[in-house]
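Working notes, structure below.
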Ligand code: S3P
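Residue numbers (my numbering): 183 to 353.
The following block contains the structure:
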């Protein structure tokens with residue numbers, strides 16, 4: 183069984199993934215960390231040296247590599263992973279795989295991301311929270327088409343409640 187967590191940057195995919203990993207006794211893989219290990223570069227370096235398109239190709243390549251493994255694990259995607267190529271179809275058509283969208287409100291995302299912009303090239307340039315909020319609102323609107331292809335949507339109010347909801351989903 184593979185549990186795939188998706189959602190916007192700052193929605194807590196990795197935090198929830200690592201926490202579930204303990205309660206479900208399943209390994210958790212963070213796709214960004216997996217790419218960084220394989221490429222021996224940070225995401226920030228890949229974006230600045232090779233550009234976003236190169237990153238998206240690598241992201242697809244490693245997603246496919248992981249999805250094709252027989253192992254069971256929780257996979258925390260990058261915020262943009264669902265929105266490129268047919269990544270959501272690849273995930274949803276893979277046997278014994280469950281995709282979960284962590285739907286998070288914009289104000290929560292702004293608070294969380296405001297101090298964590300530097301390692302995220304897409305939002306690194308914003309100098310005010312007001313502009314960041316405007317960008318996130320528009321970006322989520324565009325990305326929702328892909329995010330809502332997930333098989334389950336969790337209203338991500340607090341990390342604890344989301345973890346409980348996911349555990350219940352799996353019962
Ligand atoms: C991205 C999100 C990041 C990372 C890259 C691009 C995006 O992952 O994959 O910076 O396009 O939303 P997180 O959601 O883990 O920050």
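We treat Cβ as the ideally placed atom computed from N, Cα and C, and that holds for glycine.
Only a predicted model underlies this, so the values are computations on that prediction, with no experimental measurement involved.
Original post:
How would you label residue 340, buried or exposed, when you count the other beta carbons within 10 angstroms and need 16 or more for buried?
Top reply: exposed
Subject >> residue 352 versus residue 209 - alpha carbon distance >> reply: 16 Å
Subject >> DSSP-derived helix/strand/coil call for residue 255 >> reply: strand
**OP:** Report the partner residues of residue 279 according to the DSSP bridge assignment.
**Re:** 184
Subject >> Whole-number beta carbon distance between residue 335 and residue 185, since they are thought to touch under 8 Å >> reply: The Cβ separation is near 14 Å, so there is no contact.
Original post:
Among 267, 338 and 250, which residue has its Cα nearest to the Cα of residue 237?
Top reply: 267
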